[in-house]
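First residue of the first sequence? That's 53 in our numbering, and the numbers climb one at a time after it. Ideal Cβ positions, reconstructed from N, Cα and C, are used throughout, including at glycine. See structure below.
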Amino acid sequence: MAASTPNMSKAQQQIGRLPIAPIIPDLLATLALHPRVIVSAPPGSGKTTGLPLCLLDAPWLAGRRILLLEPRRLAARMAANWMASLLDEPVGQTVGYRIRLEKKISSATRIEVVTEGILTRMLQDDPSLAQIGAVIFDEFHERSIHADLALALCLDMSESLREDLRILIMSATLELDPLHRLLDEAPLICGQGESYPVALRYLPPALTRQQPNHLYDFQHTVRITTAAVIQAFNEQGGDLLVFLPGIGEIKAVADRLGVLAQEQNCLIRPLYGDLSGSLQDEAIRPGRQRRIVLATSIAETSLTIEGITTVVDAGYRRSPRFDPNCGMTRLITERVSQAGAKQRAGRAGRLGPGICYRLWAEAFHQTLPPHNRPEILEADLCRLALELCQWGVKDPSELAWLDLPPAGPYAQAITLLHDLGAVDGNGSLTPHGQKLATLPLHPRLGHLLLIGAELGQLDAACDLAALLSERDPILPAPHGERSADLELRFMALAAFRQGRQGELRSLNGDLSSCRRIDQVSKRLHQLGNQPKKHPNASFGLGSLLVYAYPDRVANCRPDSPERYLLAGGRGARLAIGDPLAGLAFIVAPIIDAGHREGRIFLAAEITLKELRDLHHQLISSHSKLYWDERDCLVSRKEERIGAIVLSTTPQAVLEPNLMLQALLTRIRKEGLSILPWDRKARNFQARINSLRCWQPEAGWPDLFEATLLENLEDWLAPYLNNLLCLSQLASLNLLAILEAGLSWEQRNLAAQLTPVQITVPSGTRHPLEYTDDGRSPILSVRLQEMFGLEDTPLVCNRIPVLLHLLSPASRPVQVTSDLRGFWDTTYPLVKKELQGRYPRHHWPGDPRTAPPTARIKKKKN
DNA sequence: CTCTCCCT
Numbered sequence: 053m054a055a056s057t058p059n060m061s062k063a064q065q066q067i068g069r070l071p072i073a074p075i076i077p078d079l080l081a082t083l084a085l086h087p088r089v090i091v092s093a094p095p096g097s098g099k100t101t102g103l104p105l106c107l108l109d110a111p112w113l114a115g116r117r118i119l120l121l122e123p124r125r126l127a128a129r130m131a132a133n134w135m136a137s138l139l140d141e142p143v144g145q146t147v148g149y150r151i152r153l154e155k156k157i158s159s160a161t162r163i164e165v166v167t168e169g170i171l172t173r174m175l176q177d178d179p180s181l182a183q184i185g186a187v188i189f190d191e192f193h194e195r196s197i198h199a200d201l202a203l204a205l206c207l208d209m210s211e212s213l214r215e216d217l218r219i220l221i222m223s224a225t226l227e228l229d230p231l232h233r234l235l236d237e238a239p240l241i242c243g244q245g246e247s248y249p250v251a252l253r254y255l256p257p258a259l260t261r262q263q264p265n266h267l268y269d270f271q272h273t274v275r276i277t278t279a280a281v282i283q284a285f286n287e288q289g290g291d292l293l294v295f296l297p298g299i300g301e302i303k304a305v306a307d308r309l310g311v312l313a314q315e316q317n318c319l320i321r322p323l324y325g326d327l328s329g330s331l332q333d334e335a336i337r338p339g340r341q342r343r344i345v346l347a348t349s350i351a352e353t354s355l356t357i358e359g360i361t362t363v364v365d366a367g368y369r370r371s372p373r374f375d376p377n378c379g380m381t382r383l384i385t386e387r388v389s390q391a392g393a394k395q396r397a398g399r400a401g402r403l404g405p406g407i408c409y410r411l412w413a414e415a416f417h418q419t420l421p422p423h424n425r426p427e428i429l430e431a432d433l434c435r436l437a438l439e440l441c442q443w444g445v446k447d448p449s450e451l452a453w454l455d456l457p458p459a460g461p462y463a464q465a466i467t468l469l470h471d472l473g474a475v476d477g478n479g480s481l482t483p484h485g486q487k488l489a490t491l492p493l494h495p496r497l498g499h500l501l502l503i504g505a506e507l508g509q510l511d512a513a514c515d516l517a518a519l520l521s522e523r524d525p526i527l528p529a530p531h532g533e534r535s536a537d538l539e540l541r542f543m544a545l546a547a548f549r550q551g552r553q554g555e556l557r558s559l560n561g562d563l564s565s566c567r568r569i570d571q572v573s574k575r576l577h578q579l580g581n582q583p584k585k586h587p588n589a590s591f592g593l594g595s596l597l598v599y600a601y602p603d604r605v606a607n608c609r610p611d612s613p614e615r616y617l618l619a620g621g622r623g624a625r626l627a628i629g630d631p632l633a634g635l636a637f638i639v640a641p642i643i644d645a646g647h648r649e650g651r652i653f654l655a656a657e658i659t660l661k662e663l664r665d666l667h668h669q670l671i672s673s674h675s676k677l678y679w680d681e682r683d684c685l686v687s688r689k690e691e692r693i694g695a696i697v698l699s700t701t702p703q704a705v706l707e708p709n710l711m712l713q714a715l716l717t718r719i720r721k722e723g724l725s726i727l728p729w730d731r732k733a734r735n736f737q738a739r740i741n742s743l744r745c746w747q748p749e750a751g752w753p754d755l756f757e758a759t760l761l762e763n764l765e766d767w768l769a770p771y772l773n774n775l776l777c778l779s780q781l782a783s784l785n786l787l788a789i790l791e792a793g794l795s796w797e798q799r800n801l802a803a804q805l806t807p808v809q810i811t812v813p814s815g816t817r818h819p820l821e822y823t824d825d826g827r828s829p830i831l832s833v834r835l836q837e838m839f840g841l842e843d844t845p846l847v848c849n850r851i852p853v854l855l856h857l858l859s860p861a862s863r864p865v866q867v868t869s870d871l872r873g874f875w876d877t878t879y880p881l882v883k884k885e886l887q888g889r890y891p892r893h894h895w896p897g898d899p900r901t902a903p904p905t906a907r908i909k910k911k912k913n
């Protein structure tokens, strides 16, 4: 190693003792030839601190810096401190770090440890990374959305600008094949770790719970986990770490373990993210008493707990999933992955051999998903979409990904960016979008900051953006709910800033969260634009929030003070008894989408007056027509914010065109039978439709039901002017209306070709009944009236009518279209019967020449 | 019955 690096020999000795040491020569040789390399080594191998130091004197580095990416701030700071201490230097010399709000870097710095978001910003500012010779992705198996994005950008950039850039991916457990392909068959180097064996014991619950997709059962999980903890506590010595999906389960199990804790003099320590910093520290710190630490997945990767020899894994995790349909995220409870379970078990083997109790069957283990789903498949992609737009990418598939950002959430993200004015119709960033990209915030909150600054509300906007992007500074009461009211958070922040500790405590405020929010807010203040003067602008919190969350304006429902309707169309509710409940309007930026109804966690009041005065652009106003109970049209003017109706005012004057449209829509819905059809109109329709069948080329109009419904505007609408009620339809003369659709010539021709009536030999006129489908029209006539006629009468010059021949009492005798055939073959047969039944009538032997009659025969003289 | 991180 080069003499230019101070104290390298001492560092070299230390690194030589790490489990990762044997692969270092191989790694150096490989990196000299291949710019992209994958290193796989288990936790505890020393790769995070050992490898970057070994690369310092590589010739290809040519004086440039090494970037080491860490997924968490704490890990970044610790890695930098550890490497600096190996060099006997303070951090900030050869080794430095950069995380949000904190930077220890100097001109001498050669290794820069950064958190993942920082790399994205560096790339956006200098896409060639001119000062950087190597980028190392640590803990890449966690597949955070930031790491995936940063890798996609790095690969894109290195291909076009920097083929010499070394990209080193370090991973503990990962499906390496896809990564291998993504990196053009990059060489893979595997190293050993140093951890102790962990024995696995499977404690399967009842068989019915083994189905891969069974519904999650809170009480069942609490029951079996409690039992397993007691068993493990009695069977093993040392401290226990228990993995549960969430705070609810942790509290329930803690309650059930109370007796054990007293009898055995052991400590029950909950551990989850919302816990105050001091309580988290207390859970992590080993002591003289035996401990049972009840943790969420926070202990899987983020926190290491000393002294644990036994792990109990309930087998579930809770994780967020973005729903592009409602633009919100919901928490789901899902089975732990095989990789996650391995990680959890590994927590028992840090100091010596350990044991892990798994609450599922060994055979069932194979049905668990192999890995946690990458965050990019489940997260809100708004920020990622903004970065891609800034990178100049219109379609994510232009870049190379392990998992392409899913289309639904991506489209939702672009829509939101468009609504915020950050991208134009082409998907290019607007100047406003450019500014949003430079702010370390979700685009919604960046928008809030910029608008707030413009309105002279920079202070409030910074506090709001910081509050909404950091952990809630109000802690949940031990067994109670916490109010969703954002004002409480502002009160806690004010109490913190003014050093009023007692007030902060009485609000159940968390000191470390307040400190963090205050820092972030101050930083945002520097980034925000200079406030313009708006002397009269005094904004409520809610009013400011609406700029970032116009879709989360919510209106109290009449049935319950806790239930609200969101402008986006979904329902959401406050906790029972929340002081905000009952307010007519709130804005709710933090919501869990839930299943049927969402849950509101943070909200602020807004008044109708504020909505009208300051957010009139959200209010749409239009007339809407309704059918009243008498099926008459009434008009109301409606003001809305999305799904929320602000007001309805009855209107006396109806817009004729809207009335007509409403009427036509109603007729389409009900069908043509709602119109006053009579026999004449139906027969006319049938005649014209028959003509259309018989003379397809003659241009007869189409009066079939489906076509008429489709063309209501053309043939019916002119007769519907000023009609208000369905009952008024009865006054329509449908025959006249249909006839008007034919020319004078067509009408005459139709009358000639398809007569309405026909005169039979007896001299009587009988109606012809037509059908729609071109079958022969029906002529119902007494048999005797047809005497003297040889052939079937025709319509349309060639279509024989269908004769329904009747007895003198109008009973059916025969149906035929062939009168001649009837006279020849059937008449002689029926004649005998008719004579018997109707003896007073005349039944001639030769009906073709006999005179027709409708009367009974004369008495014999 | 609220997961966890992260942002010049």
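Should Lys-912 go down as buried or exposed, given a rule of 16 or more other Cβ atoms within 10 Å for buried? If you number the first sequence from 1, residue 912 lands on position 860. Summary for Lys-912: the model assigns pLDDT 46, below 50, so the residue's position carries little reliability; its value from the coordinates is reported in the next sentence. Flag for Lys-912 reads exposed.
Taking C-beta to C-beta, are Leu-510 and Leu-488 nearer than 9 Å? Residue 510 sits at position 458 when you count from the first residue of the first sequence. Residue 488 sits at position 436 when you count from the first residue of the first sequence. Their beta carbons are not under 9 Å apart, which means Leu-510 does not touch Leu-488 by this criterion.
Below 8 Å on the Cβ atoms is my guess for Asp-326 versus Asp-644; work out the distance and round it to an integer in Å. In the first sequence, counting from the first residue as 1, residue 326 sits at position 274. In the first sequence, counting from the first residue as 1, residue 644 sits at position 592. Contact flag wrong, Cβ pair sits at about 14 Å.
For Leu-881 and Cys-848, I'd like the C-alpha separation in whole angstroms. Counted from its first residue, the first sequence places residue 881 at position 829. Counted from its first residue, the first sequence places residue 848 at position 796. Whole-angstrom Cα-Cα distance: 32 Å.
Pick helix, strand or coil for Glu-164, following the three-state DSSP scheme. On the first sequence, residue 164 is found 112 positions in, with the first residue counted as 1. The answer is strand: DSSP assigns Glu-164 an E or B state.
Which partner residues of Ser-371 appear in the DSSP bridge assignment? As a first step, residue 371 must be located in the first sequence, where it is residue number 319. Ser-371 pairs with Ile-384.
In the DSSP assignment, find the unbroken alpha helix (DSSP H) run with Thr-277 in it and report its ends. Counting from one through the first sequence, the residue named residue 277 turns up at place 225. Thr-277 -> alpha helix (DSSP H) spans 270 to 287.
Please report the distance separating the alpha-carbon of Asp-898 from that of Glu-842. Along the first sequence, one-based indexing puts residue 898 at 846. Along the first sequence, one-based indexing puts residue 842 at 790. Rounded to whole angstroms, Asp-898 to Glu-842 spans 11 Å at the Cα level.
Take Lys-676 and list the residues in its own chain whose beta-carbon comes closer than 7 Å to its own, dropping the five residues that flank it on each side. Within the first sequence, the letter at position 624 stands for residue 676. The answer, listed in chain order, is Arg-688, Glu-690.
Is it true that the CB of Leu-507 sits closer than 9 Å to the CB of Leu-501? Numbered from its first residue, the first sequence carries residue 501 at position 449. Numbered from its first residue, the first sequence carries residue 507 at position 455. No.
Would you identify the three-state DSSP class for Ala-393, choosing helix, strand or coil? The residue you call residue 393 lines up with position 341 of the first sequence. Ala-393 falls in the helix class under three-state DSSP.
When the Cα atoms are used, what is the spatial distance from Met-53 to Ile-184? Mapped onto the first sequence, residue 53 falls at position 1. Mapped onto the first sequence, residue 184 falls at position 132. A caution first: Met-53 carries a pLDDT of 44, below 50, which makes its placement in the model unreliable, though a value can still be read off. Those two C-alpha atoms are separated by around 20 Å.
Distance cut-off 8 Å: Glu-211 Cβ against heavy atoms of the ligand GTP: Within the structure as shown, the ligand GTP is missing, as the structure has no ligands at all.
Decide if the stretch 166 to 181 is in contact with the stretch 92 to 109; the criterion is three or more beta carbon pairs, one per stretch, under 8 Å apart. no
So the candidates are Glu-662, Arg-387, Glu-427; which of them puts its Cα closest to the Cα of Val-598? Within the first sequence, numbered from 1, the residue matching residue 598 stands at position 546. Considering only alpha carbons, the answer is Glu-662.
Could you say if the stretch 326 to 338 and the stretch 367 to 378 meet the contact criterion of at least three C-beta pairs nearer than 8 Å? no
Closest to Ile-221 by CA distance: which of Asp-269, Val-187, Ile-658, Arg-541 is it? Counted from its first residue, the first sequence places residue 221 at position 169. Measuring from the Cα of Ile-221, the nearest candidate turns out to be Val-187.
Cβ-Cβ distance between Leu-228 and Ile-219 below 9 Å: The count along the first sequence starts at 1 and reaches residue 228 at position 176. The count along the first sequence starts at 1 and reaches residue 219 at position 167. Contact flag unset, no.
Given a cut-off of 9 Å on the beta-carbon distance, is the pair Gly-359 and Tyr-248 in contact? Indexing the first sequence from 1 puts residue 359 at position 307. Indexing the first sequence from 1 puts residue 248 at position 196. Going by C-beta atoms, Gly-359 is not nearer than 9 Å to Tyr-248.
Alpha-carbon to alpha-carbon, Tyr-678 and Arg-731: Here the question's residue 731 lines up with position 679 in the first sequence. Here the question's residue 678 lines up with position 626 in the first sequence. Cα to Cα, the separation comes out at about 33 Å.
Whole-angstrom distance between Val-281 and Leu-914, CA atom to CA atom: This structure cannot speak to residue 914, because the chain is shown only from 53 to 913.
Beta-carbon gap between Ile-503 and Leu-596 smaller than 9 Å: Residue numbering aside, residue 503 sits at position 451 when the first sequence is read from its first letter. Residue numbering aside, residue 596 sits at position 544 when the first sequence is read from its first letter. Result yes, Cβ atoms of Ile-503 and Leu-596 sit closer than 9 Å.
Return the bridge partner residues of Ala-251 from the DSSP annotation. Translated into the one-based positions of the first sequence, residue 251 becomes position 199. Ala-251 pairs with Ile-407.
Taking the alpha-carbon of Leu-706 as reference, which of Leu-685, Gly-723, Arg-718 has the nearest alpha-carbon? Along the first sequence, read from residue 1 onward, the residue named residue 706 stands at position 654. If we check each option's Cα against that of Leu-706, Leu-685 comes out closest.
Can you find at least 3 beta carbon pairs, one from the stretch 417 to 435 and one from the stretch 449 to 465, that sit closer than 8 Å? yes
Straight-line CA distance for Ala-529 to Leu-559? One-based indexing of the first sequence puts residue 529 at position 477. One-based indexing of the first sequence puts residue 559 at position 507. When rounded, the distance between both Cα atoms is 10 Å.
Give the range of the alpha helix (DSSP H) segment to which Ser-61 is assigned. As a first step, residue 61 is located in the first sequence; it is residue number 9 there, counting from the start. Element bounds for Ser-61: 60 to 68.
Measure the CB-CB distance between Ile-276 and Pro-257 and report whether it falls below 9 Å. As a position in the first sequence, residue 276 is number 224, starting the count at 1. As a position in the first sequence, residue 257 is number 205, starting the count at 1. Yes. Within cutoff.
Taking just the CA atoms, how far does Leu-617 sit from Arg-396? Here residue 396 is taken as the residue at index 344 of the first sequence, counted from 1. Here residue 617 is taken as the residue at index 565 of the first sequence, counted from 1. Straight-line Cα distance between these residues: approximately 41 Å.
Best match in Arg-664, Phe-591, Ile-90, Gly-620 for proximity to Asp-603 [C-alpha to C-alpha]: Taking the first residue of the first sequence as 1, we reach residue 603 at position 551. For Asp-603, the nearest C-alpha among the options comes from Gly-620.
Per DSSP, what are the beta-bridge partners of Met-222 in this structure? Within the first sequence, residue 222 is the residue found at index 170, counting from 1. Looking at the DSSP assignment, Met-222 forms a beta bridge with Val-91.
Report the residue from Ala-132, Leu-468, Ala-127, Val-697 whose alpha carbon sits nearest the alpha carbon of Pro-104. The residue you call residue 104 lines up with position 52 of the first sequence. Looking at the Cα atoms, Ala-132 is the closest of the given residues.
So, at 7 Å on beta carbons, what are the nonlocal neighbours of Glu-414 in its own chain, with the 5 sequence-adjacent residues on each side left out? Position 362 of the first sequence, counting from 1, holds the residue named residue 414. Within the same chain, Glu-414 has close Cβ partners Tyr-254.
Arg-900 in three-state terms, based on DSSP: Numbered from its first residue, the first sequence carries residue 900 at position 848. Arg-900 falls in the coil class under three-state DSSP.
Where does Cys-106 sit, in a helix, a strand or coil, going by DSSP? Position 54 of the first sequence, counting from 1, holds the residue named residue 106. The answer is helix: DSSP assigns Cys-106 an H, G or I state.
Is the separation between the beta-carbon of Leu-411 and that of Asp-476 shorter than 9 Å? Here the question's residue 411 lines up with position 359 in the first sequence. Here the question's residue 476 lines up with position 424 in the first sequence. Result no, Cβ atoms of Leu-411 and Asp-476 do not sit closer than 9 Å.
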